[in-house]
Each structure stands twice: as structure tokens, then as C-alpha cells.
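In what follows, a structure is listed as C-alpha cells, so that the remarks can point back to it.
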Amino acid sequence: MYFYDDFVNRLLEYSTDIKNNNKFGLSLRKKLFWIFLGSSIFAIGIKGAYDSFYNEKYIFMILFIILGIYGIFAMFYYILTYKIEINLDNGKIIYNKTEIDIDNIDNVVLKIMFYKKKVITGIQVVTKDNKAYVFPLIMNKKTYFVYIFKEKFKEKFKIEKPQ
0 MYFYDDFVNR LLEYSTDIKN NNKFGLSLRK KLFWIFLGSS IFAIGIKGAY
50 DSFYNEKYIF MILFIILGIY GIFAMFYYIL TYKIEINLDN GKIIYNKTEI
100 DIDNIDNVVL KIMFYKKKVI TGIQVVTKDN KAYVFPLIMN KKTYFVYIFK
150 EKFKEKFKIE KPQ
């Protein structure tokens with residue numbers, strides 16, 4: 000896969016200083032997608048509620064208002080809850096509400112994987128107690144994110160070749 004090979008080449012050439020506390024959020028493209036989707040659902044809900052009100056179908060009006068509120072809620076939920084924090088001082092990786100101890104990590108693999116019916120590049124982290132965590136690369140500063148894992152886990156970091 001061309002994009003994966005290009006990403007791996009950029010990663011191998013990448014070099015910078017690593018900060019002790021790093022935070023990663025959704026990429027701008029994903030934020031714009033969720034804003035567009037949430038506003039579209041909200042607009043459909045408001046239009047449906049308006050039409051239902053004038054046709055005196057109040058039960059549909061309530062359903063469309065709920066649909067509009069759901070659109071706004073989903074938009075803010077997906078934008079605000081996706082956070083990954085790598086704190087090298089404390090030795091923790093915090094992904095949503097999950098904490099992973101850096102000393103407990105057995106291996107890290109950069110590979111192409113399936114995520115929500117899509118084929119994307121991601122990192123799979125396996126701990127010593129055989130728990131696997133998957134970090135899809137849908138965040139900002141992807142190369143820096145993978146570079147931190149590459150430098151921190153030099154001998155445990157592997158790049159899987161696509162088939």
C-alpha cells in the first residue's frame with residue numbers, strides 16, 4: 000500500500016526531541032467530518048420538526064427534535080472525547096479512560112488494520128498480561144505519535160509489512 004509505505008519512510012527519516020508530556024486529539028479532517036455530520040442531522044431534525052408542527056403531527060415533531068439533539072450531542076461527544084496522552088514522567092499512556100503502564104508493555108507493532116469497517120494504519124500495543132490495545136492513527140501529529148513509540152521501545156517496536 001502506497002500510503003503506508005510513504006508513512007513508514009517518513010517515520011524512518013523523522014527526528015525530533017521528545018517532550019515528557021504529549022497530548023493528541025482528533026485530526027482536523029475527522030473534526031470537520033463530525034461537525035458536518037452533526038450539523039446535518041441537526042438541520043434534518045429541525046426541518047422535520049418544523050414540517051411536523053405545521054401538519055399537526057406532534058409525535059413526529061418530538062421525534063425530529065430528539066434526532067436534532069442527538070446530532071449535536073454526537074458531534075460534541077466524538078470531537079471532545081478522543082484524547083490520547085503519553086506522559087513519560089509518570090510512565091503512563093492514557094487513552095480515553097484506560098491507563099496503560101509503559102513498563103508493562105511487551106511489544107508495539109505498527110501495521111495496517113481494520114477499524115470500524117475501514118482499513119487504516121494503527122499501532123497495536125500488547126502488555127505483559129496479554130492485553131492488546133489498538134491506537135488508530137486518526138489523530139493530529141501521527142508521525143510524532145509513532146516516533147515516540149519507536150524511540151521509547153526501540154527493541155520492542157516492529158513495523159509490519161503489508162501483504
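In numbering that gives the first Met the number 0, the protein residues as written are 0 to 162.
Yeah, the Cβ is synthetic: ideal placement off N, Cα and C, and Gly gets one too.
Judged by their CB atoms, D88 and N20 are nearer to each other than the 8 Å cut-off.
In terms of CA proximity to M74, G37 leads the group P135, L109, K140, G37.
In this structure, the straight-line span from the alpha carbon of I122 to that of K110 is close to 6 Å. If you check the CB distance, Y132 and I85 do not come in under 8 Å. Looking at the DSSP output, I111 sits in a beta bridge with T120. A straight-line Cα-Cα distance of about 22 Å links N106 and D16. For T120 and K56, the gap between their C-alpha atoms comes out near 48 Å.
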